[in-house]
Amino acid sequence: MDLAVAPGETFGIVGESGCGKTTLARTLLGLQREAAGEILLEGRVVSGQEPVAARRMRAAVQYVHQDPGAALDPWWRVGRTLAEGLAIHGVTDRAEQEARIAETLAAVGLDVAMAARYPHELSGGQQRRIGLARILLLRPKVVILDEPTAGLDLSVQAAVLRLLRDLRARFGLTYIFISHDLSVVRRVCDRVAVMYLGRIVEEGSAEALFREPRHPYTRALLAAAPRLDGQAAGPSLPGDPPSLRAVPSGCRFHPRCAMAVPLCAAQDPASEAAAPDHIVACHRWRDVPTEHRDAA
Amino acid sequence: MNDSPMPSPLLAVEALSVHLRTDAGLARILDDVSLTVPPGRTVGVVGESGCGKTTLMRAILGILPRSALVPRGAIRFEGRDILADCAASARGRIGFVPQDPYLSLNPVFRAGDQILEIMRRHAPGTRRDHRAKLIELFRAVQLPDPEAALEKYPHQFSGGQRQRLLIAAALSCDPALVVADEPTTALDVTTQREILALLRRLAAERGLSLLFVTHDFGVLAALCDSVTVLYAGRVAESGPTRAVLDAPRHPYTRLLLACHPDRASDLTGIPGTVPAATAQPAGCRFHPRCPIARADCANAPPPLLSLPGGRSIACPHHADALPEPALA
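Those protein sequence lines, which keep their order, are chains R and Y. Note that the first sequence covers residues 139 to 434 in this note's numbering. Note that the second sequence covers residues 4 to 331 in this note's numbering.
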């Protein structure tokens, strides 16, 4: 798969469980070795390294865990967890640690007194903010957000999304935003890639992709999302998400695709530009009906 | 969905209060909550964490924790007060679909045996009858190869299939009402859509009533005829789903819906947090966070006002416009 994320953008990655979203994040971080291919960070090749070396070269890439409560040590005060990250990255002076923690907690909208609390004393939204503070301390350039709104109430989710937007502007961050919540992705992402079984099947600006989805899988995914206006759009997608242990031949989506033809089972489709900045990997994308979904 | 007037209720929750004794004092989890589920209708209960959704559901299912007190109220099901007289037979008539299909089946027993055990306790007939009925149910919930499914262990099913198993379990004793606790939150959207369609079809075919507890307004819009919005253990607003979603009246519902990514003009959130159940504010429980609160809001709990179109609002000031910054 090919992927390019521009500085300062929020790049969304969507797909069902098992499509490879998390593996992609782990590989970008350097926690997992790539089998083939190259990863460039600010034009520098950072792939092809042993995991420890790869991680060191990619210190500017940081990750916010999907479940921030599980990512915090329940026996440690939050401040100690925050200081540990700084120490690992070479900031060992106590006074400087404390100054940076205070500054970062303020940036994510938390009181400095929070540093003395234990994780179980925090609400879901506060844990989420601590998770963000923890990586902001390390002054990253690229932040991988894994399901940043999963399990949050609507009102808290709105506050977290607003905070993410403000932090991006203030610290000049680039986000890789992994989510299965299409309403949220549509709302906050500049560009979006749709993954299916380890492949990117469609990629484009969020605006174009949601307005005019080209790949049959993207269309099914968008149609399945529950909408506030109660309108169920398009056909449903039969079958369970397939497993990487039994990858279909040709186009990996063809066994579930209503538009599949014999070619789809025989040959893997190449990525083609359906429009400027809109890429689709489907033999039949030209035949996909382009009825327009509402713009709202 | 159905727009004709509501017939007399199958389930009626009447002015129910539930308190819990905790180390931090008495937690007033539910206060004066009323709700009806007419036969054949789907009713949604929506609210954020800590609003009392789970406690309400547990009260209806008769599984409140031992530390719970019920100072006031009644729950009537098919005309009988099931809170006072929790006859096991009434429970067989209420099915339950839990939230997490991964945690709700015992991994060391065959899924079929776990459902047959429920039927042995609650449904008449022999084991042979139960097996035949379960295979028919597996077919109704569209599990592939129903006979073989009976012999399989939970890990041999996908998440969507496990939720189908649990729906079959909920239907196994011929319930009149099925209570579902966010049954699709653990699933992918494409699977969620299939499960919602299945629930809708089964409810229509079998004349079932559904009580659907959720925090997802999109799911609510897709499935429910009417909705009750809870805030901090009280009813904030109730009415037909479309009317409530299109024109919310209670300031809490208005602010909450403004947080939805499909609708938000800007992402704001609601200032403050839901109060702890041990420290509920006096008067209207939303008043400390409410942009249109007046002095009288802190005095007494606002009564539930009836509005045309089957709607009820627990806010005397619901006609006031919200200040622009709150919705900007």
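Each residue gets a CB set at the ideal place from its N, CA and C atoms; glycine is no exception.
Under the three-state reduction of DSSP output, SER315 (chain Y) falls in the strand class. Our two residues, PRO189 (chain R) and VAL202 (chain R), have alpha carbons roughly 19 Å apart in a direct line. It is roughly 28 Å from the alpha-carbon of PRO212 (chain R) to the alpha-carbon of ILE314 (chain R). Within the model, the alpha-carbon separation for GLY221 (chain Y) versus GLU197 (chain Y) is close to 14 Å.
GLU154 (chain R) has its alpha-carbon roughly 13 Å from the corresponding atom of PRO376 (chain R). Boundaries of the alpha helix (DSSP H) harbouring THR161 (chain R): 159 to 167, taken from the DSSP string. Among the residues facing chain Y, ASP284 (chain R) is not included, as its CB has no counterpart in that chain under 7 Å away. DSSP places GLU147 (chain R) outside both helix and strand once states are collapsed to three, so it counts as coil. When the beta-carbon positions are compared, HIS22 (chain Y) and LEU366 (chain R) stay at least 7 Å from each other.
Fewer than three Cβ pairs drawn from the segment 140 to 150 of chain Y and the segment 80 to 89 of chain Y lie within less than 8 Å of each other, which leaves the two stretches out of contact. At a C-beta separation below 9 Å, PRO186 (chain Y) has no neighbours in chain R, since its nearest C-beta there lies roughly 13 Å away. Of all residues in the segment 324 to 358 of chain R, the ones placed with a Cβ closer than 9 Å to any Cβ belonging to chain Y are ARG324, ARG325, VAL326, ALA358, in chain order. Taking a Cβ-Cβ threshold of 8 Å, none of the residues of chain Y is close to ALA209 (chain R); the smallest such distance is about 20 Å. Per DSSP, ILE177 (chain R) lies in no beta strand (DSSP E) segment and is marked neither H nor E. Going by DSSP, ASP132 (chain Y) is part of the alpha helix (DSSP H) stretching over 130 to 143.
Rounded to whole angstroms, the gap between the alpha carbons of ILE316 (chain R) and ILE316 (chain Y) is 38 Å.
The beta-carbon separation of VAL40 (chain Y) and PRO12 (chain Y), rounded to 6 Å, stays under the 8 Å limit for a contact.
Interface flag for SER381 (chain R) against chain Y is unset, since no Cβ pair is found closer than 7 Å. At a C-beta separation below 9 Å, PRO393 (chain R) has no neighbours in chain Y, since its nearest C-beta there lies roughly 14 Å away. Per DSSP, the beta bridge partners of GLY242 (chain Y) are Y:VAL230.
The beta strand (DSSP E) runs of length 3 or more contained entirely in the segment 390 to 421 of chain R are, from start to end of the chain, 410 to 413, 416 to 418. Beta-bridge partners of ARG337 (chain R) (DSSP): R:TYR334. Per the coordinates, the alpha-carbon of ARG292 (chain Y) lies some 27 Å from the alpha-carbon of GLY313 (chain Y).
Separation of HIS416 (chain R) and MET195 (chain R) (C-alpha to C-alpha, rounded to the nearest whole angstrom) is 31 Å. ILE198 (chain Y) does not reach chain R, its nearest Cβ partner there being about 11 Å away, counting only Cβ pairs nearer than 7 Å. Taking the C-beta atoms as reference points, CYS389 (chain R) is found nearer than 7 Å to PRO407 (chain R). For ALA152 (chain Y), no Cβ of chain R is located within less than 7 Å of the residue's own Cβ.
The Cβ atoms of ILE32 (chain Y) and ALA280 (chain Y) sit closer than 7 Å to each other. Residue contact with chain Y for LEU260 (chain R): absent (no Cβ-Cβ distance below 7 Å to any residue of chain Y).
Contact annotation for GLN195 (chain Y) against chain R: ALA362, PRO364 [CB-CB distance below 8 Å, chain order]. Rounded to the nearest angstrom, the gap between the Cα atoms of GLN283 (chain Y) and ARG215 (chain R) is 28 Å. Boundaries of the beta strand (DSSP E) around LEU308 (chain Y): 308 to 310.
In this structure, ALA271 (chain R) places its C-beta atom within 7 Å of the C-beta atom of THR242 (chain R). In the DSSP annotation of this structure, the continuous segment of the beta strand (DSSP E) that includes GLY98 (chain Y) starts and ends at 97 to 100.
In the structure shown, the three-state DSSP call for ALA288 (chain R) is coil. If you check the CB distance, HIS133 (chain Y) and GLY95 (chain Y) do not come in under 7 Å.
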